[in-house]
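K.L.:
Handing you a structure now.
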Amino acid sequence: MANLSVDFKDDILASSNPKRKYQLIHNSDGTVSLEDVTVYQQNGSNFGAKEVNEERTAINKINNDRIVSLDKIDLVNQPGFFVDALAVKELNSTLKVKHQQAETIYFIANIEFRKSGHLVNAYVNTELRHSLPADTDTFIATIPEEYRPVDYDYNAPLIMTGRHVGIITFLSNGNIMAHPTEFLDPGWLNFNITYIV
8 MANLSVDFKD DILASSNPKR KYQLIHNSDG TVSLEDVTVY QQNGSNFGAK EVNEERTAIN
68 KINNDRIVSL DKIDLVNQPG FFVDALAVKE LNSTLKVKHQ QAETIYFIAN IEFRKSGHLV
128 NAYVNTELRH SLPADTDTFI ATIPEEYRPV DYDYNAPLIM TGRHVGIITF LSNGNIMAHP
188 TEFLDPGWLN FNITYIV
């Protein structure tokens, strides 16, 4: 876009004349002309059709260069374009859909699984309603295939009412096993584990 002139000036009258002065001239064809004979401290700028056309051309270029859809964004290879609100709205709705597609949530045995790409976070904070024996692997649940760890078993601390009481293991075969290091009475149990699928 061409830069518009920003150096326009007003007429400033000299202190010798508080008003503009014009001399009446009688032309030979019987017409009359006015000649400005005012003394100016500063002569003002002319603002005519040329300047109006330059401004409107620049404004039209801005309007024509605006990006109104996401399809046009890839075509931009130089600065000077701006994104229209409609394109921003389209982008926002696309991001929401992509975000919703990127993260899935699944619940099994009160365990919340959050999957984003190849990363899964499993979290539970629930009430254990029956006791668990000490130093014994107890089967908790089977992880759905799409949420299972790949190639490795993952361990996390098993916490009950703020203290470490064992480990929870997510096996690559899909089994979730709890291994308390002490006898667990019913109470609040939690763990948080992150792994790759």
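Throughout the sequence shown, residue numbering follows my numbering, covering 8 to 204 in sequence.
Virtual Cβ for every residue (Gly too), placed ideally from N, Cα, C.
Predicted model, so just to flag it, every value in this text is computed and none were measured.
Could you tell me the boundaries of the beta strand (DSSP E) in which Asn180 lies?
P.N.:
It is not in any beta strand (DSSP E) - Asn180 carries neither H nor E in the DSSP assignment.
K.L.:
Can you list, in chain order, the residues of its chain whose CB lies under 7 Å from that of Tyr202, leaving out five sequence neighbours each side?
P.N.:
Val127, Pro156, Tyr161, Phe177.
K.L.:
Please go through the same chain and pick out, in chain order, the residues whose beta-carbon is closer than 7 Å to the beta-carbon of Ser138, but skip the five residues on each side of it.
P.N.:
So the list reads Phe190, Leu191, Asp192, Pro193, once near-sequence residues are dropped.
K.L.:
Take Asn197 as the anchor and find which of Met167, Asn99, Val204 has the nearest alpha-carbon.
P.N.:
Answer by Cα proximity: Met167.
K.L.:
With a threshold of 7 Å on Cβ separation, who are the neighbours of Met184 within its own chain once the five nearest residues in sequence on each side are excluded?
P.N.:
Cβ within range, chain order: Asp144, Thr145, Phe146, Ile147, Thr176, Leu178.
K.L.:
Which runs of the beta strand (DSSP E) fall wholly inside the stretch 87-173 and span at least 3 residues, in chain order?
P.N.:
Complete beta strand (DSSP E) runs here, min 3: 110-115, 118-123, 126-135, 145-149, 161-167.
K.L.:
Can you tell me where the alpha helix (DSSP H) holding Asp43 begins and where it ends?
P.N.:
Run containing Asp43: none in the alpha helix (DSSP H); it sits in the beta strand (DSSP E), 39-43.
K.L.:
Let me confirm a value: Tyr47 is counted as buried when at least 16 other C-beta atoms fall within 10 Å, else exposed. Which label applies?
P.N.:
Under this definition Tyr47 is an exposed residue.
K.L.:
With 16 as the cutoff for other CB atoms within 10 Å, does Ile200 come out buried or exposed?
P.N.:
Buried: at least 16 other Cβ atoms inside 10 Å.
K.L.:
Given this structure, state the Cα-to-Cα distance separating Val13 from Pro25, to the nearest angstrom.
P.N.:
Rounded to whole angstroms, Val13 to Pro25 spans 27 Å at the Cα level.
K.L.:
Just reading off the alpha helix (DSSP H) that Ile80 is part of, what are its end residues?
P.N.:
77-80 is the span of the alpha helix (DSSP H), which, as asked, contains Ile80.
K.L.:
Compute the Euclidean distance between the alpha carbons of Ala92 and Leu20, then round it to the nearest angstrom.
P.N.:
Going from the Cα of Ala92 to the Cα of Leu20 covers about 47 Å.
K.L.:
Determine whether the beta carbon atoms of Asp18 and Gly51 lie at a separation below 7 Å.
P.N.:
Yes, these two residues count as a Cβ contact at 7 Å.
K.L.:
So the candidates are Val39, Asn67, Trp195; which of them puts its Cα closest to the Cα of His171?
P.N.:
The residue with the shortest Cα to Cα distance from His171 is Trp195.
K.L.:
Whose C-beta lies closer than 7 Å to the C-beta of Gly37 among residues of the same chain, with five residues either side of it excluded?
P.N.:
Correct list: empty, nothing qualifies.
K.L.:
Could you tell me the alpha carbon to alpha carbon distance between Asp142 and Ile174, rounded to whole angstroms?
P.N.:
Cα to Cα, Asp142 sits roughly 10 Å from Ile174.
K.L.:
Comparing alpha-carbon positions, which option in Lys96, Val44, Ile32 lies nearest Ser23?
P.N.:
Ranking Lys96, Val44, Ile32 by Cα distance to Ser23 puts Val44 first.
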